[in-house]
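Visitor:
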Amino acid sequence: MCFVGVLFGSLMFRYSIISELKYEINTLTRDLDEIKNQKKEIEVQLEHSNRSDVIEKIAMEQLQMQYPSDDQIVYIEID
1 MCFVGVLFGS
11 LMFRYSIISE
21 LKYEINTLTR
31 DLDEIKNQKK
41 EIEVQLEHSN
51 RSDVIEKIAM
61 EQLQMQYPSD
71 DQIVYIEID
């Protein structure tokens, strides 16, 4: 009878460990899904910000840059 009690206690202990591990797996899976979604959002933002028209707009509107006038352009000859 003592053997059955020890066996039952051992099984209950193992089931509790399995339950904890399943909970941890579910938590990590949710975290992974959230990180994947963040990665997709960042890739979209990066793709958008690498477009030349977006770069030009930011340069002109936020940095007050403008195209050079003809008298500001200097051509250099390289031999």
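Under our numbering, think of the first position of the sequence shown as 1, with each following residue one higher. Just so it is clear, CB atoms sit at the ideal spot from N, CA and C, and this is done for glycine as well.
(1) For Arg138, report the span of its alpha helix (DSSP H) as first-last.
(2) Pick helix, strand or coil for Met60, following the three-state DSSP scheme.
(3) Measuring only the C-alpha atoms, how far is Ser16 from Val6?
(4) Between Pro68 and the rest of its own chain, which residues show a CB-CB distance below 6 angstroms, the 5 nearest in sequence each way excluded?
Guide: This is what the structure gives:
(1) A query on residue 138 cannot be resolved here, the shown segment of the chain reaching from 1 to 79 and no further.
(2) Here residue 60 is taken as the residue at index 60 of the sequence shown, counted from 1. Met60 falls in the helix class under three-state DSSP.
(3) Within the sequence shown, numbered from 1, the residue matching residue 16 stands at position 16. Within the sequence shown, numbered from 1, the residue matching residue 6 stands at position 6. The alpha-carbon atoms of Ser16 and Val6 are separated by roughly 15 angstroms.
(4) Numbered from its first residue, the sequence shown carries residue 68 at position 68. So the list is empty, once near-sequence residues are dropped.
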